[in-house]
Amino acid sequence: MNKLFSDQFDWDELLDFIAEKKLTPVLGKEIYTFKDADKLAPLDNYLSQKILELHKISDFNASSLSAAVNYLEIEKKIKPMDIIRKLKSIVKDINFELPVLQQLLSITDLNYFINTAVYDSVLENKISEMRNQKANSINFSINEPFTDYPIDKLSEPFIFNVFGSLLNTVDPALSEEDMLEYTGFFKEKMSGATNIVSALKNKSLLFLGCSFPDWMVRFALRLLSNEPLHEWGAKRKIIIINDPSELRAEQNEFLKNYDVVTYEGDTAQFVNELHNQWKKRNPNAGKKKSIFLSYTRADIAAVESMKKAIEQLGNVICWYDNRELKPADNWLEEIVVNIRKADLFMPLISANSLAHEDGFVQKEWVQGTNEWIFRNADKKAGKYLVPVVIDDSKLYNDKISKYFDSNINIATVPQGNPGAEFLEDIKKILNLA
-11 MNKLFSDQFD WDELLDFIAE KKLTPVLGKE IYTFKDADKL APLDNYLSQK ILELHKISDF
49 NASSLSAAVN YLEIEKKIKP MDIIRKLKSI VKDINFELPV LQQLLSITDL NYFINTAVYD
109 SVLENKISEM RNQKANSINF SINEPFTDYP IDKLSEPFIF NVFGSLLNTV DPALSEEDML
169 EYTGFFKEKM SGATNIVSAL KNKSLLFLGC SFPDWMVRFA LRLLSNEPLH EWGAKRKIII
229 INDPSELRAE QNEFLKNYDV VTYEGDTAQF VNELHNQWKK RNPNAGKKKS IFLSYTRADI
289 AAVESMKKAI EQLGNVICWY DNRELKPADN WLEEIVVNIR KADLFMPLIS ANSLAHEDGF
349 VQKEWVQGTN EWIFRNADKK AGKYLVPVVI DDSKLYNDKI SKYFDSNINI ATVPQGNPGA
409 EFLEDIKKIL NLA
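In the working numbering, the protein residues as written are -11 to 421.
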């Protein structure tokens, strides 16, 4: 018989796992619920309704997105790629308030997520919105290359989309048949993902809102836990939370033969209590301060050193664009938004960055300076623009003064390695405890 998650000891143990970075949440569709008037409605049902409407289907009520996709593919003979294309247009426009997901993401000690929903952009956008921090993500795919992820990036907000991505893979698992096919390829393709597997090894798993069809429970849970079910509970805890339903009853009936922990309430109740318990233990936890680091690619080592040193102050994150941007990428949509949201804008000035006149980094500098001017018009605004020279470039030379007013204090931080005095200044500017 399964243990029931109920008393304060259970909550304290779970909070310890979170604080020690020994818990990985596995997110299912039940955590994606949005405010619809005075109640919570499943995003999955909203998507199923919309995709049926786009195909002018009015005589079929789908219980889930996968059911809607099954119906369109099998009964209406609609090609999967046509369904995916229309779903993409729906998902791109989603900007709902998602209270349950947002409560979970406010627990800032949680940074590694396994996501079983294919509308991953919703999760990534909420992390960016709530934490002023871009999430790293990787998408499993049967038909596309699947590579490992750098180990240092797994300590930042990281999402592993195990059934693919609507927006970023050609073959997201939309139907139950797709999901089953994914499970068949998972072990083989994950064999080279040493870092991702290691980050999960021996960590307790918290399944939140993962209601799989009864025939698929053993496949999905075995796949995501990456160990035989009969070994559950020996090295780590497996906690399974989902909404009351016939599906949950069937799932729990199957799971009673294994060492798992279940919960009487629903997913929203569990997340709400977890959030409240975590806030009691971490009363000063709040939205982290953010710093936008503007640099040129040749100075990647310096920007990484700066980021590491500043983030060790605690309750602050440094954002910088670490991708190779392609011409199709919307610079204004992503870079400008992050510059405007940042608490500090820190240009890393060097001979490398000054050599690219009118380059990408200069566009960031102009945008950051404009934001500084705008904030200065508001007398309540604090310090925002903090330029630093990271090499032996002469302070306030003609090239630098082209972008930064001579009244602005420019610090010197050789190779992006800040000293104690500089870090103390940043701490004071951001009012870090």
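Where is the CB? At the ideal position from N, CA and C, for every residue including glycine. Source: prediction; values computed, not measured.
Taking all protein chains shown into account, do 16 or more other C-beta atoms lie within 10 angstroms of the C-beta of Thr135, making it buried, or fewer, making it exposed?
Indexing the sequence shown from 1 puts residue 135 at position 147. So Thr135 ends up on the exposed side.
Just the Cα atoms here: how many angstroms apart are Met334 and Leu15?
One-based indexing of the sequence shown puts residue 334 at position 346. One-based indexing of the sequence shown puts residue 15 at position 27. The straight-line gap from Cα to Cα measures roughly 35 Å.
Who are the near neighbours of Ala316 in its chain, counting only those whose CB is closer than 6 Å to its CB and skipping five residues on each side?
Translated into positions along the sequence shown, residue 316 becomes position 328. Reliability of the predicted coordinates at Ala316 is poor, the pLDDT of 45 falling under 50, and the value obtained from them is presented with this limitation in mind. Result list for Ala316: empty, nothing under 6 Å.
Could you check which residue in Ser186, Ser213, Asp81 and Ala181 has the C-alpha nearest to that of Phe195?
On the sequence shown, residue 195 is found 207 positions in, with the first residue counted as 1. For the residues Ser186, Ser213, Asp81 and Ala181, the minimum Cα distance to Phe195 belongs to Ser213.
Taking all protein chains shown into account, decide if Gly197 is buried (16 or more other Cβ within 10 angstroms of its Cβ) or exposed.
Residue mapping note: residue 197 aligns to position 209 of the sequence shown, counting from 1. Label assigned to Gly197: buried.
Who pairs with Lys122 in a beta bridge, going by DSSP?
Walking along the sequence shown from the start, residue 122 turns up at place 134. DSSP lists no partner for Lys122.
Glu443 versus Glu61: straight-line alpha-carbon distance, rounded
In the structure displayed, the chain extends from -11 to 421; residue 443 sits before or after that span and is not available.
Sequence-distant residues of its chain with Cβ nearer than 6 Å to Pro406 (five each side left out):
Here residue 406 refers to the residue found at position 418 of the sequence shown. Result list for Pro406: Ala297, in chain order.
For Pro160, which three-state DSSP category applies?
Looking up residue 160 in the sequence shown gives position 172. Judged by DSSP in its simplified three-state form, Pro160 adopts coil rather than helix or strand.
What are the boundary residues of the beta strand (DSSP E) that Asp(-2) is part of?
Reading the sequence shown from its first residue, position 10 is the one you call residue -2. Counting along the chain, Asp(-2) falls outside any beta strand (DSSP E), though it belongs to the alpha helix (DSSP H) covering Gln(-4) to Ala7.
Those residues which DSSP pairs with Lys10 across a bridge:
One-based indexing of the sequence shown puts residue 10 at position 22. Answer by DSSP bridge pairing: none, since Lys10 is not bridged.
Have a look at the DSSP bridge pairing and note the partners of Thr250.
Here residue 250 refers to the residue found at position 262 of the sequence shown. For Thr250, which the question treats as bridged, DSSP gives the partners Leu(-8).
Give me, in chain order, the residues of the same chain whose beta-carbon lies closer than 7 Å to that of Leu188; leave out the 5 immediate sequence neighbours on both sides.
The residue you call residue 188 lines up with position 200 of the sequence shown. The residues are Thr12 and Asn214.
Is the region 16 to 34 in contact with the region 115 to 131, if contact means three or more CB pairs nearer than 8 Å?
Judged by pairs of C-beta atoms under 8 Å, the region 16 to 34 does not touch the region 115 to 131, as fewer than three such pairs exist.
Classification of Ala237 by the beta-carbon crowding that lies within 10 angstroms, buried from 16 upward
As a working mapping, residue 237 is identified with position 249 in the sequence shown. By the neighbour-count rule (16 or more Cβ atoms within 10 Å), Ala237 is not buried but exposed.
Asn340 to Gly356 span [Cα, whole Å]:
Counting from one through the sequence shown, the residue named residue 340 turns up at place 352. Counting from one through the sequence shown, the residue named residue 356 turns up at place 368. Looking at the two C-alpha atoms, the distance is approximately 19 Å.
With distances taken Cα to Cα, identify the nearest neighbour of Ser116 among Asp379, Ile396 and Arg328.
Against the sequence shown, residue 116 aligns to sequence position 128. Looking only at Asp379, Ile396 and Arg328, the smallest Cα-Cα distance to Ser116 is reached by Arg328.
Go ahead and label Asp159 buried or exposed: buried means 16 or more other beta carbons lie within 10 angstroms of its beta carbon, across all protein chains shown.
In the sequence shown, residue 159 corresponds to position 171, counting from 1. Counting Cβ neighbours within 10 Å, Asp159 comes out buried, since at least 16 surround it.
With DSSP as the reference, identify every bridge partner of Val377, one or two as the case may be.
The residue given as residue 377 occupies position 389 in the sequence shown. Beta bridge pairing from DSSP links Val377 with Ile337 and Thr400.
Using only CA atoms, which one of Arg73, Lys141, Val110 and Pro68 lies nearest to Tyr100?
Counting from 1 along the sequence shown, the entry for residue 100 is found at position 112. Proximity to Tyr100 across Arg73, Lys141, Val110 and Pro68 peaks at Lys141, based on C-alpha coordinates.
Measure the beta-carbon distance from Leu342 to Lys387 and round it to whole angstroms, keeping in mind my assumption that it falls under 8 Å.
Position 354 of the sequence shown holds residue 342. Position 399 of the sequence shown holds residue 387. 5 Å between Cβ atoms; contact.
For a quick check, are the C-beta atoms of Ile228 and Thr255 less than 7 Å apart?
Taking the sequence shown and counting its residues from 1, the one referred to as residue 228 is at position 240. Taking the sequence shown and counting its residues from 1, the one referred to as residue 255 is at position 267. No. Outside cutoff.
Give me, in chain order, the residues of the same chain whose beta-carbon lies closer than 7 Å to that of Ile82; leave out the 5 immediate sequence neighbours on both sides.
Taking the first residue of the sequence shown as position 1, residue 82 is located at position 94. Annotation for Ile82: Val110 place their beta carbon closer than 7 Å to its own, counting only its chain and skipping 5 residues before and after.
For Thr400, which residues from the same chain have a beta carbon less than 6 Å from its beta carbon, with the 5 sequence-adjacent residues on both sides left out?
Translated into the one-based positions of the sequence shown, residue 400 becomes position 412. Here the set comprises Val377.
Which residue's Cα is closest to the Cα of Cys306: Ala289, Ala290, Gln300 and Ser278?
Translated into positions along the sequence shown, residue 306 becomes position 318. Nearest C-alpha to Cys306: Ser278.
Coil, strand or helix - Phe280 by DSSP
On the sequence shown, residue 280 is found 292 positions in, with the first residue counted as 1. Residue state for Phe280 is assigned as strand, using DSSP reduced to three classes.
Just to check my reading of the structure: Val57 and Leu193 have Cβ atoms closer than 8 Å, yes? What is that Cβ distance to the nearest angstrom?
The sequence position of residue 57 within the sequence shown is 69, counting from 1. The sequence position of residue 193 within the sequence shown is 205, counting from 1. That pair is no contact at about 27 Å.
Inter-residue Cα distance where the pair is Val304 and Ser338:
Walking along the sequence shown from the start, residue 304 turns up at place 316. Walking along the sequence shown from the start, residue 338 turns up at place 350. A straight line joining the alpha-carbon of Val304 with that of Ser338 spans about 24 Å.
With a CB to CB cut of under 8 Å and the five nearest residues on each side skipped, what residues in its chain are close to Leu28?
Position 40 of the sequence shown, counted from the first residue, corresponds to residue 28. Taken in chain order, the residues that qualify are Thr21, Phe22, Pro87, Val88 and Ala256.
DSSP-derived helix/strand/coil call for Trp360:
What you label residue 360 is simply residue 372 of the sequence shown in a count that begins at 1. Here DSSP, grouped into helix, strand and coil, assigns Trp360 to helix.
What would DSSP say about Asn127, mapped onto helix, strand or coil?
Along the sequence shown, read from residue 1 onward, the residue named residue 127 stands at position 139. In the structure shown, Asn127 adopts extended strand secondary structure according to DSSP, grouped into three states.
Count the other CB atoms within 10 Å of the CB of Asn131; is the residue buried (16 or more) or exposed (fewer)?
Within the sequence shown, numbered from 1, the residue matching residue 131 stands at position 143. Exposed, because fewer than 16 other Cβ atoms sit within 10 Å of the Cβ of Asn131.
Start-to-end residues for the alpha helix (DSSP H) that takes in Asn326
Residue mapping note: residue 326 aligns to position 338 of the sequence shown, counting from 1. Counting along the chain, the alpha helix (DSSP H) containing Asn326 begins and ends at Val325 to Lys329.
Should Glu18 and Asp231 be called a contact, given that it needs their Cβ atoms to be closer than 7 Å?
Locating residue 18 in the sequence shown gives position 30, counting from the first residue. Locating residue 231 in the sequence shown gives position 243, counting from the first residue. Cβ atoms of Glu18 and Asp231: closer than 7 Å.
What does DSSP give as the partner residue(s) for Thr21 in the beta ladder?
Within the sequence shown, numbered from 1, the residue matching residue 21 stands at position 33. As computed with DSSP, Thr21 is found in a beta bridge with Pro30.
Leaving out five residues on either side along the sequence, give the residues of the same chain with a beta carbon under 8 Å from the beta carbon of Ile66.
Within the sequence shown, residue 66 is the residue found at index 78, counting from 1. Closer than 8 Å at Cβ, skipping near neighbours: His43 and Leu60.
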